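What follows is a single structure, written as structure tokens, with notes after it.
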Amino acid sequence: MGASRDQYLLTAFPYLDLGPLTLRDNTGNAEENAYRSFFGRLMYNYKDKYFLQGNVRYDGSSRFYQDSRWGVFPSFSAGWIVSEESFMKDIPALSFLKLRASWGKLGNERIGNYPYQANLSFLNSLFYKGNTVVSAQTAAQIQYAIQNITWEKSASYDFGVDANFFNNRLSFSGDYYRKETRDMLLTLQIPEYMGFNNPDQNAGQMHTNGWEATLGWNDKIQDLGYSVSFNVSDYKSVMGDLKGTQFLGDQIKIKGSEYNEWFGYASDGIYQTQAAVDNSPKTSSNVKAGDIKYKDLSGPNGTPDGIINQYDKVLLGGSLPRFLFGGNVALNYKNFDFSVAFQGVGKQNVIYTPNMVEPFLNSGFWGNVPAIIDGKYWSKYNTEEQNLKAKYPRVSNIGSVNNYVMSDYWLFNGAYLRLKNVTLGYSIPKQIVNKFKMQGIRLYFSLNDFLTVDKFPKGWDPENTGANYPITSSLIFGANIKF
Amino acid sequence: MKKIVLFTLSACMTFLTACNSLDLNPLSTGSNANWYADESEVNMSLNDLYRDPFWPVDLETWTDNWMARNALTPITDATINSQWATSETYYQTAYKAIGRANTLLANIDKASGNISQSNLDRYNAEARFVRASQYSILISHFGDVVYYADIPDLATAYNFSRTDKKNILKSIYEDYDFAISKLPVSYGSGDLKRATKGAALALKARIALYMGDWAVARDAAKACMDLNVYKLYPDFSTLFVPGTKNSVETVFAIPRSVTLGSYFVDGGLITRNAGGNSGSNPSWDLFCSFLCKDGLTIDKSPLYDPRKPFKNRDPRCTATLVEFQTKHLGFMYQPHPDSLTCYNFNTGKYQINNDSRSNTQYASFNGIIFKKGIDDSWLVSGNKVDPDKIIIRFTDVMLIYAEAKIELNEVDQSVLDAINQVRARAYSADYKSTSAYPVVTTTNQSDLRKTLRIERRMEFANEGTRYMDLIRWKLAEKVLNKPNYGMLDPIDLRIKVIKTGLWFFPQTPAIDEDGVADLTPMYNAGLIKLLTIRKFDLSKQYLWPIPAKELLINPNIKQNPGY
Numbered sequence: 001m002g003a004s005r006d007q008y009l010l011t012a013f014p015y016l017d018l019g020p021l022t023l024r025d026n027t028g029n030a031e032e033n034a035y036r037s038f039f040g041r042l043m044y045n046y047k048d049k050y051f052l053q054g055n056v057r058y059d060g061s062s063r064f065y066q067d068s069r070w071g072v073f074p075s076f077s078a079g080w081i082v083s084e085e086s087f088m089k090d091i092p093a094l095s096f097l098k099l100r101a102s103w104g105k106l107g108n109e110r111i112g113n114y115p116y117q118a119n120l121s122f123l124n125s126l127f128y129k130g131n132t133v134v135s136a137q138t139a140a141q142i143q144y145a146i147q148n149i150t151w152e153k154s155a156s157y158d159f160g161v162d163a164n165f166f167n168n169r170l171s172f173s174g175d176y177y178r179k180e181t182r183d184m185l186l187t188l189q190i191p192e193y194m195g196f197n198n199p200d201q202n203a204g205q206m207h208t209n210g211w212e213a214t215l216g217w218n219d220k221i222q223d224l225g226y227s228v229s230f231n232v233s234d235y236k237s238v239m240g241d242l243k244g245t246q247f248l249g250d251q252i253k254i255k256g257s258e259y260n261e262w263f264g265y266a267s268d269g270i271y272q273t274q275a276a277v278d279n280s281p282k283t284s285s286n287v288k289a290g291d292i293k294y295k296d297l298s299g300p301n302g303t304p305d306g307i308i309n310q311y312d313k314v315l316l317g318g319s320l321p322r323f324l325f326g327g328n329v330a331l332n333y334k335n336f337d338f339s340v341a342f343q344g345v346g347k348q349n350v351i352y353t354p355n356m357v358e359p360f361l362n363s364g365f366w367g368n369v370p371a372i373i374d375g376k377y378w379s380k381y382n383t384e385e386q387n388l389k390a391k392y393p394r395v396s397n398i399g400s401v402n403n404y405v406m407s408d409y410w411l412f413n414g415a416y417l418r419l420k421n422v423t424l425g426y427s428i429p430k431q432i433v434n435k436f437k438m439q440g441i442r443l444y445f446s447l448n449d450f451l452t453v454d455k456f457p458k459g460w461d462p463e464n465t466g467a468n469y470p471i472t473s474s475l476i477f478g479a480n481i482k483f
Numbered sequence: 001m002k003k004i005v006l007f008t009l010s011a012c013m014t015f016l017t018a019c020n021s022l023d024l025n026p027l028s029t030g031s032n033a034n035w036y037a038d039e040s041e042v043n044m045s046l047n048d049l050y051r052d053p054f055w056p057v058d059l060e061t062w063t064d065n066w067m068a069r070n071a072l073t074p075i076t077d078a079t080i081n082s083q084w085a086t087s088e089t090y091y092q093t094a095y096k097a098i099g100r101a102n103t104l105l106a107n108i109d110k111a112s113g114n115i116s117q118s119n120l121d122r123y124n125a126e127a128r129f130v131r132a133s134q135y136s137i138l139i140s141h142f143g144d145v146v147y148y149a150d151i152p153d154l155a156t157a158y159n160f161s162r163t164d165k166k167n168i169l170k171s172i173y174e175d176y177d178f179a180i181s182k183l184p185v186s187y188g189s190g191d192l193k194r195a196t197k198g199a200a201l202a203l204k205a206r207i208a209l210y211m212g213d214w215a216v217a218r219d220a221a222k223a224c225m226d227l228n229v230y231k232l233y234p235d236f237s238t239l240f241v242p243g244t245k246n247s248v249e250t251v252f253a254i255p256r257s258v259t260l261g262s263y264f265v266d267g268g269l270i271t272r273n274a275g276g277n278s279g280s281n282p283s284w285d286l287f288c289s290f291l292c293k294d295g296l297t298i299d300k301s302p303l304y305d306p307r308k309p310f311k312n313r314d315p316r317c318t319a320t321l322v323e324f325q326t327k328h329l330g331f332m333y334q335p336h337p338d339s340l341t342c343y344n345f346n347t348g349k350y351q352i353n354n355d356s357r358s359n360t361q362y363a364s365f366n367g368i369i370f371k372k373g374i375d376d377s378w379l380v381s382g383n384k385v386d387p388d389k390i391i392i393r394f395t396d397v398m399l400i401y402a403e404a405k406i407e408l409n410e411v412d413q414s415v416l417d418a419i420n421q422v423r424a425r426a427y428s429a430d431y432k433s434t435s436a437y438p439v440v441t442t443t444n445q446s447d448l449r450k451t452l453r454i455e456r457r458m459e460f461a462n463e464g465t466r467y468m469d470l471i472r473w474k475l476a477e478k479v480l481n482k483p484n485y486g487m488l489d490p491i492d493l494r495i496k497v498i499k500t501g502l503w504f505f506p507q508t509p510a511i512d513e514d515g516v517a518d519l520t521p522m523y524n525a526g527l528i529k530l531l532t533i534r535k536f537d538l539s540k541q542y543l544w545p546i547p548a549k550e551l552l553i554n555p556n557i558k559q560n561p562g563y
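Sequence lines, in order, name chains A and B.
Letter 11 of the first sequence, counting from 1, is numbered 11 in my numbering, and no numbers are missing.
Letter 406 of the second sequence, counting from 1, is numbered 406 in my numbering, and no numbers are missing.
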């Protein structure tokens, strides 16, 4: 629910009841959903060495029509602590070894509440009644309803191993998993001439492969305690037959693509001369030297048609981060403690957003030219050599329609390594602290988000590529005092 | 032998015994399943078809009437492509309205037991009126499009292809003709004013004209005129301001109301002195197209003085554009580079003149600003304004009639009367008192065609009709390939124009047979500044592109040539 009034006479009193009655507005809505679930579990443990577990769920959701409401979702897992076996006991380096395997089926229905119903939305429109403007209620179905929509189902296998060595000083944990998603719930594009918003549908399949691993070491050398740990994980999802396409602006889900893969033109450098422009397929007749050139890859008949248009868009690589990693190092020596935490992404296709590189944003009205392109753009005032080396297209508002659409020209590797936190602490010895009737004082100095290694343009943060409030670095001196 | 110990830690089945049914229906919205049960539900569905987004008005920014500093639009710089958001929105909203009209037409019988036959006819007629109007928007902008008049299921719809616009036009006529026969001429003062017979006739005339179907345009326009319910509003200068509601001239309009939450805010049309940004301006091309009081173009008329370009012009010139040194939005408007201060009517004092580029670099780049429809009420509610969104007014019907007759070479007194009535109203004169305004007398087809086109431009500036006029007259390839000019920057301006006594216009441009000014000699003489180079690609731009997504998900849909 929400309420508003407008055109306050008393601007110092920002309260709803003090605004003019004629400009009142309010909003509200109500929705509900319900589930009915039956579930059971069977667990078996033999000598703390062999483990078996079976689960089954039978779920019904109000989000689906009664004929397609119910889903059965079983899962099984098995574990074997190999190190407990007698034949493993005589390997001194191995402290613990466990093998794991599981298979499970899961359901997903996280979509709007009434997708199978042709819901009506109520709004208002204005009419003259005599010569007075009045508001009248309107009703319309805005979403196409798909009656037999049902659960999205994913079946996954996971194989894992946990192993510790050298008296548990070295630990390793690894998993490999594979997930097959069927009847995936997606808002596939329906023809716009249908006159409806895109409905959620049981689109099709997605195949996911992934793995993760964690490695750790901790030990103590006299007064020096130290630990190091590192983890890395990766997965990739590829769309199977979706029975359609989901357009997501510059990204797409279509058969054979990755989940939310970049979708756009394949670029071919910058046009150096007008003659080159004239002899090439282009996006419009207003393309000029200094604009980005694209490849004419296809056309309505599947062959190049001499125009750069929607048929020339291709998959340009996944948009999701790959090889996510993180780790930390901790040291303590007597009253000192020191820790470092870092994280990062090993590989990611990211784009130079218009906010980073496009000159004259805001319709050429008052936007400025980003400093990072200064001296690096194509210009008719440059020499030929300078233009050959130009990284950015000509500075032009008209050119922006050609130059700043999605293409691989703007993709770069967004891998980064970020030092999240470095802390150095010193705890004042108890005997001193106790004199002041305190339990403990720890003085510390920490750096947060202080250092990042990445290829982003200066001033842009790999974790925050929108025009949002930036991630801030902080430098803190502090004291923890316990009474 | 080891003993097998079986731990069954848990084997439990939990039952959530029924609390709530899973057959849930929306709480705050309705459902189509049992809708259309009675007349009020039918009425609510019909009301939806009159919502503001379903009645788009083409933008003046797509024409040679407009200047917006250094900015152009995808239409005026020829970069329009199948991913242009505006054309996709036009396409989507038209089909949304069509889908909803079709749904209503397919379901209204459910309520037929509860509705009188005459109302049932009217409701059918309204839905068909809307459907015809939406297909008119589609074929006039996109050419051939997908046509259907039922509720297709999704699987069928994926195989649709485009229908020849000539065939769609026939269906549009059928819908309009049904609407014309069943819609009321007017509504009682207690009823919601929805579509009327006159609206159906007027919009039928418009699409017929747009499609070059002159005889149909003539007959529909004539029938609308013969209804005798619409008149020309006596005062052109106040016809478009927010305070003029539901005028006698309005044939079909969507009302707006700030208090009821339907309005727009356009700071570009408000001067900088008055708190706006002056980013949206009339072009000099428009300024130069207004005739002089003797009915001649500025290059032919002895009354025209480029030093005083607002004097002796058709009254619509100063009703459309703000004459220098006149009161506008509470200030004396004067863009002269030496007018560093200006009079503030609210305080009674002189203050810094932010509408002069000497003080504010973003004041109007060509010195002129729109007046039409803009009055002091624009400043009242935080710049929220609510003039009627006029879809078609009676003047247009009269000029459609005249144009259709001219094209049919049926020039007669009724054609001259139609044009002269429109022109005389601008002069606040009776069209029969031929000395009070420059009466049109020629019966030469090509002369009249030229006169009518200039008349339309003077009459409808900034009302959104110029775009389709340029398209159907095939004039876009000429005027949208001419640059947009403005004043020199203040320092240059003082040296080259002010000190030489050439303010405002250094020269009088030649006006060609289409009423189009040639400003290039002034530019070549270094006396005016080039702002933007407009470009229009005649090989493709007479039609808009079908949105890219349509082509990518349905190979039966083919793109318009050139996109």
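Beta carbons are placed, not taken as given, at the ideal position from N, Cα and C, and that holds for glycine.
A quick note: this is a predicted structure, and the numbers were derived from the prediction, not measured.
{"Check": "B/A205 in three-state terms, based on DSSP", "Outcome": "helix"}
{"Check": "B/T17 - DSSP class collapsed to helix/strand/coil", "Outcome": "Only weak support exists for where B/T17 lies, its pLDDT of 41 falling under 50; the coordinates are left without a value."}
{"Check": "C-beta neighbour in chain B for A/T283, strict 9 angstroms", "Outcome": "yes"}
{"Check": "Chain B within 9 angstroms of A/M194, Cβ atoms only", "Outcome": "yes"}
{"Check": "Proximity to A/K430 [Cα-Cα], best of A/S83, A/D278, A/K334 and A/N387", "Outcome": "A/K334"}
{"Check": "Straight-line Cα distance separating B/D396 from B/T508", "Outcome": "30 angstroms"}
{"Check": "Best match in B/T156, B/M332, B/G113 and B/D77 for proximity to B/N554 [C-alpha to C-alpha]", "Outcome": "B/T156"}
{"Check": "Backbone CA spacing between B/A429 and B/R453 [nearest angstrom]", "Outcome": "21 angstroms"}
{"Check": "Contacts around A/G225, its chain only, beta-carbon distance under 6 angstroms, and the 5 residues preceding and following it disregarded", "Outcome": "N332"}
{"Check": "For A/Q246, the residue or residues it bridges with in DSSP", "Outcome": "A/K253"}
{"Check": "Check whether A/S171 and A/D162 have beta carbons under 9 angstroms apart", "Outcome": "yes"}
{"Check": "Local conformation of B/I495 per DSSP, three classes", "Outcome": "helix"}
{"Check": "Below-9 angstroms beta-carbon distance, A/N218 vs any chain B residue", "Outcome": "no"}
{"Check": "C-alpha gap between B/T8 and A/F247, whole angstroms", "Outcome": "Here the model assigns B/T8 a pLDDT of 33, short of 50, so the residue's position is not dependable, and the following value carries that caveat. Their backbone Cα atoms lie some 50 angstroms apart in a straight line."}
{"Check": "Short CB-CB distance (under 9 angstroms) between A/L120 and chain B", "Outcome": "yes"}
{"Check": "Where the region 127–160 of chain A meets chain B: residues whose CB sits under 9 angstroms from a CB there", "Outcome": "F127, Y128, K129, G130, N131, T132, V133, V134, S135, A136, Q137, T138, A139, A140, Q141, I142, Y144, A145 and I146"}
{"Check": "Integer Cβ distance of B/R270 from B/N383, believed to fall under 8 angstroms", "Outcome": "Correcting the residue type first, residue 270 of chain B is Ile in the shown sequence and not Arg. Yes, they are in contact, since the Cβ atoms of B/I270 and B/N383 sit about 6 angstroms apart, within 8 angstroms."}
{"Check": "Chain B contacts made by the region 43–63 of chain A, where a contact means CB separation under 9 angstroms", "Outcome": "M43, Y44, N45, Y46, K47, G60, S61, S62 and R63"}
{"Check": "Extent of the continuous alpha helix (DSSP H) to which B/S118 belongs", "Outcome": "Q117 to F142"}
{"Check": "Chain-order list of residues whose beta-carbon lies under 8 angstroms from that of B/G267 (same chain, five-residue window excluded)", "Outcome": "G275, G276, N277, G279 and N383"}
{"Check": "Collapsed DSSP secondary structure at A/M206 in the structure displayed", "Outcome": "strand"}
{"Check": "Minimum Cβ-Cβ distance from A/R36 to chain B less than 9 angstroms", "Outcome": "yes"}
{"Check": "Whole beta strand (DSSP E) elements within the region 307–355 of chain B, 3-residue minimum", "Outcome": "326–328, 331–333, 341–344 and 349–352"}
{"Check": "A/T353 beta carbon near the ligand ZN (any heavy atom closer than 8 angstroms)", "Outcome": "What this structure holds is no ligand at all, so the ligand ZN is not there to describe."}
{"Check": "Distance, A/K236 Cα to B/T14 Cα", "Outcome": "Caution applies to B/T14, whose pLDDT of 37 falls short of 50 and renders its modelled position unreliable; the value that the coordinates give is listed next. Looking at the two C-alpha atoms, the distance is approximately 36 angstroms."}
{"Check": "Three CB pairs or more closer than 8 angstroms across the region 507–526 of chain B and the region 251–268 of chain A", "Outcome": "no"}
{"Check": "Bounding residues of the alpha helix (DSSP H) (the contiguous stretch that carries B/T86)", "Outcome": "A85 to N107"}
{"Check": "Extent of the continuous beta strand (DSSP E) run through A/Q53", "Outcome": "Y50 to S61"}
{"Check": "Test item: CB-CB of B/K535 and B/N481 under 9 angstroms", "Outcome": "yes"}
{"Check": "Contact with chain A by B/V411, beta-carbon distance below 9 angstroms", "Outcome": "no"}
{"Check": "Contact list for A/I398 against chain B, beta-carbon separation under 7 angstroms", "Outcome": "L72, D77 and T79"}
{"Check": "A/L315 at chain B interface by Cβ criterion, 9 angstroms", "Outcome": "no"}
{"Check": "Rounded separation between A/Y259 and A/L320 - CA only", "Outcome": "8 angstroms"}
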